[in-house]
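Participant: A single structure is presented below for examination.
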Amino acid sequence: GCGSNTNETQSEKSESASQTGVVSDDSSKESNENEEINDNSDEMSAETESEGGKVLVVYYSASGNTEAVANTIAETMNADIFELEPVEPYSDDDLNWSDDNSRVTKEHDNPDSRNVELIAAAVDNWESYDTVFIGYPIWWGIAAWPVDGFVKANDFTGKTVIPFCTAASSGIGESGELLAEMAGTGNWLEGEKLRSGASAEDIQAWVEGLE
Ligand SMILES: Cc1cc2nc3c(=O)[nH]c(=O)nc-3n(C[C@H](O)[C@H](O)[C@H](O)COP(=O)(O)O)c2cc1C
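Residue numbering for the sequence shown follows the working numbering, beginning at 1355 and increasing consecutively.
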């Protein structure tokens, strides 16, 4: 799918908490060799570049609805984007929730089986992001569990986290609160359900209403 451009070198780089990684196409010039004096002040330079600092949109999408919204948020917010991809992607059959024997139904029935391994759960330059949007489809009233591994694997201390979802008819419910509990860190705002066709104007209006 689209939006996976930050993932490619993930596994090699994820462990070093250095300034070497180049994430997506953010136009800030953090890696200038002549600015070593500033190397420890990522947050400060990020904040002066765009009030509020750098923004990341993380999402999981099984059938494209959440991906469309994630892309619009990223464009609207001038944010980097990071797609969560299970090592074993869900096929259409896997996603058939009206089949008692489908993968997703079995995982739903047995919470212990929901540990979905992700191709990558670490983001280059994670520490440089102040704001993280996390998007997912609603599955049986909660966040699709491929996002759980990401939420558990990362330290959100000092970050503002904004959940968003798409769903057929449900609202976002308590899905964001449940993820916040799983994370244990970060300032999690109330999330929002968005239409899969949400426009840049919709996104802008929503974001402006956030604290
Ligand atoms: C396994 C599964 C469970 C779902 N459960 C719900 C639900 O409880 N409420 C709802 O409104 N939609 C539910 N849906 C619909 C999805 O939330 C909706 O189609 C969403 O936009 C899909 O996003 P995606 O295309 O990014 O995967 C479910 C879909 C699947 C595959």
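Positions of the beta carbon are idealized from the N, C-alpha and C atoms, including for glycine.
(1) On the DSSP bridge assignment, give the partners of LYS1513 in chain order.
(2) Could you check where the alpha helix (DSSP H) with VAL1458 kicks off and where it finishes?
(3) Looking only at its own chain, which residues have a Cβ that is under 7 Å from the Cβ of PRO1440, when we skip the five neighbours before and after it?
(4) Can you pull every residue whose C-beta falls closer than 5 Å to some heavy atom of ligand 1, listed in chain order?
(5) Do the segment 1433 to 1451 and the segment 1525 to 1537 meet, that is, are 3 or more Cβ pairs less than 8 Å apart?
(6) Between the C-alpha atoms of GLU1481 and GLY1563, what's the straight-line distance to the nearest angstrom?
(7) DSSP beta-bridge partners for TYR1483?
(8) Please return the same chain residues whose Cβ sits closer than 6 Å to the Cβ of SER1553, not counting the five positions on each side in sequence.
(9) Assuming ALA1422 and VAL1411 are in contact, meaning their beta carbons sit under 8 Å apart, how far apart are those beta carbons, in whole angstroms?
(10) Figure out for me which residue from ALA1522, VAL1561, GLY1545 and LYS1513 has the closest Cα to the Cα of GLY1538.
(11) Using the three-state DSSP reduction, which class does ASN1469 fall into: helix, strand or coil?
(12) Could you pull the start and end residues of the alpha helix (DSSP H) that ILE1557 belongs to?
(13) Roughly how many angstroms separate the alpha carbons of GLU1546 and PRO1517, rounded to a whole number?
(14) By DSSP, does ASN1508 sit in helix, in strand, or in coil?
(15) When we look at the beta-carbon of ASN1392 and count the other beta-carbons within 10 Å, is it buried (16 or more) or exposed?
(16) Please report how far the alpha carbon of ASN1432 lies from the alpha carbon of LYS1460, in whole angstroms.
Facilitator: Concretely, from the data shown:
(1) To locate residue 1513, count along the sequence shown from 1; it is residue 159. LYS1513 pairs with nothing; no bridge assigned.
(2) Within the sequence shown, the letter at position 104 stands for residue 1458. Unbroken alpha helix (DSSP H) run through VAL1458: 1457 to 1463.
(3) In the sequence shown, counting from the first residue as 1, residue 1440 sits at position 86. In the same chain as PRO1440, and ignoring 5 residues on each side of it, the C-beta atoms closer than 7 Å to its own belong to VAL1470, GLU1471, LEU1472 and PRO1500, in chain order.
(4) SER1415, ALA1416, SER1417, GLY1418, ASN1419, THR1420, LEU1449, TRP1451, VAL1458, PRO1491, ILE1492, TRP1493, TRP1494, GLY1495, THR1520, ALA1521, ALA1522, SER1523 and SER1524
(5) no
(6) As a working mapping, residue 1481 is identified with position 127 in the sequence shown. As a working mapping, residue 1563 is identified with position 209 in the sequence shown. In a straight line, the C-alpha of GLU1481 is about 25 Å away from that of GLY1563.
(7) Residue numbering aside, residue 1483 sits at position 129 when the sequence shown is read from its first letter. DSSP output for TYR1483 lists LYS1408 as bridge partner(s).
(8) Indexing the sequence shown from 1 puts residue 1553 at position 199. Taking C-beta separations shorter than 6 Å and ignoring five residues to either side along the sequence, SER1553 has no partners in its chain.
(9) Translated into positions along the sequence shown, residue 1422 becomes position 68. Translated into positions along the sequence shown, residue 1411 becomes position 57. No, ALA1422 and VAL1411 are not in contact; Cβ-Cβ is about 12 Å, not under 8 Å.
(10) If you number the sequence shown from 1, residue 1538 lands on position 184. GLY1538 has its Cα closest to that of LYS1513, out of ALA1522, VAL1561, GLY1545 and LYS1513.
(11) Your numbering for residue 1469 matches position 115 in the sequence shown. Note: ASN1469 maps to coil in three-state DSSP.
(12) The residue labelled residue 1557 in the question sits at position 203 within the sequence shown. Its alpha helix (DSSP H) spans residues 1554 to 1563.
(13) Taking the first residue of the sequence shown as position 1, residue 1546 is located at position 192. Taking the first residue of the sequence shown as position 1, residue 1517 is located at position 163. Cα to Cα, GLU1546 sits roughly 7 Å from PRO1517.
(14) Here residue 1508 refers to the residue found at position 154 of the sequence shown. The answer is coil: DSSP assigns ASN1508 none of H, G, I, E or B.
(15) Stepping through the sequence shown from its first residue, residue 1392 is reached at position 38. The predicted position of ASN1392 is uncertain, since its pLDDT is 45 and thus under 50; a value taken from the coordinates is nonetheless stated next. Result: exposed.
(16) As a first step, residue 1432 is located in the sequence shown; it is residue number 78 there, counting from the start. As a first step, residue 1460 is located in the sequence shown; it is residue number 106 there, counting from the start. Computed Cα separation, rounded: 38 Å.
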